[in-house]
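Residue numbers (numbering that gives the first Met the number 0): 0 to 131.
What follows is a single structure, written as structure tokens, with notes after it.
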Amino acid sequence: MGTIRDEITKTLTSTIKSELPATLNKLVSQSQGAALIYDGIDLDIQIPENPNITDKFIGLAIKGLIYPRNESEVEPSVQPVPMTYHNDQSASKLQVFLSSYVVDSAFYTYLKLNEVHFWTKPSDIPASFPVQ
């Protein structure tokens, strides 16, 4: 049984390694590197590094910049960090890594597209606060 499983694994791994990059590149080029994730908001899905493929893991990183549709991308002040690698000790089948780069770009885009207003009453501000 082990020999058949090993052959299947070897064949699948080889096929994935040879076919996945071309397929992903084709999908990215057709989408022009962006995917609509919400009304008026795009996600930059460029693949900055080669996928990490092992017999137990397929890791894929995307740029992850979130920006307003029909506007140029605004890079956050932080740089994207390399994707952390799969934790073999975890039983989870899907692991997602969000960096401050993605979170910063998401908040920037939200605030750019949505005005945020709030009011407070003077009684809500502590007397010790320097501005009243």
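Idealized CB from N, CA, C, for every residue including glycine.
* Going along the chain, which residues of its own chain have a beta-carbon closer than 8 Å to the beta-carbon of Ala105, five neighbours each way excluded? -> Translated into positions along the sequence shown, residue 105 becomes position 106. Ile65.
* If you draw a straight line from the alpha carbon of Ile40 to that of Val130, how long is it in whole angstroms? -> Locating residue 40 in the sequence shown gives position 41, counting from the first residue. Locating residue 130 in the sequence shown gives position 131, counting from the first residue. Approximately 36 Å, taken between the alpha carbons.
* Limits of the beta strand (DSSP E) - the one that Ala105 falls within -> Translated into positions along the sequence shown, residue 105 becomes position 106. No beta strand (DSSP E) holds Ala105; the alpha helix (DSSP H) holding it covers 99-112.
* Asked: Whole-angstrom Cβ separation of Pro75 and Tyr107, contact assumed at under 8 Å?
  -> Translated into positions along the sequence shown, residue 75 becomes position 76. Translated into positions along the sequence shown, residue 107 becomes position 108. Yes, Pro75 and Tyr107 are in contact; Cβ-Cβ is about 7 Å, under 8 Å.
* Asked: Do the CB positions of Leu42 and Ile61 come within less than 9 Å of each other?
  -> Walking along the sequence shown from the start, residue 42 turns up at place 43. Walking along the sequence shown from the start, residue 61 turns up at place 62. In contact: Leu42 and Ile61 (Cβ atoms closer than 9 Å).
* Asked: Among all the DSSP beta bridges, which residues are the ones paired with Asn51?
  -> As a first step, residue 51 must be located in the sequence shown, where it is residue number 52. Under DSSP, the beta-bridge partners assigned to Asn51 are Gly58.
* Buried or exposed by the 16-neighbour rule on C-beta atoms within 10 Å, applied to Tyr100 -> For the purposes of this step, residue 100 is taken as the residue at position 101 of the sequence shown. Label assigned to Tyr100: buried.
* Asked: First and last residue of the beta strand (DSSP E) that includes Ala34?
  -> The residue labelled residue 34 in the question sits at position 35 within the sequence shown. It spans 33-37 - the beta strand (DSSP E) in which Ala34 sits, taken as one unbroken run.
* Where Asp41 falls: helix, strand or coil (DSSP) -> Locating residue 41 in the sequence shown gives position 42, counting from the first residue. In the three-state reduction of the DSSP assignment, Asp41 falls in the strand class.
* **N- and C-terminal bounds of the beta strand (DSSP E) containing Pro136** => In this structure the chain extends from 0 to 131, so residue 136 is not present and cannot be described.
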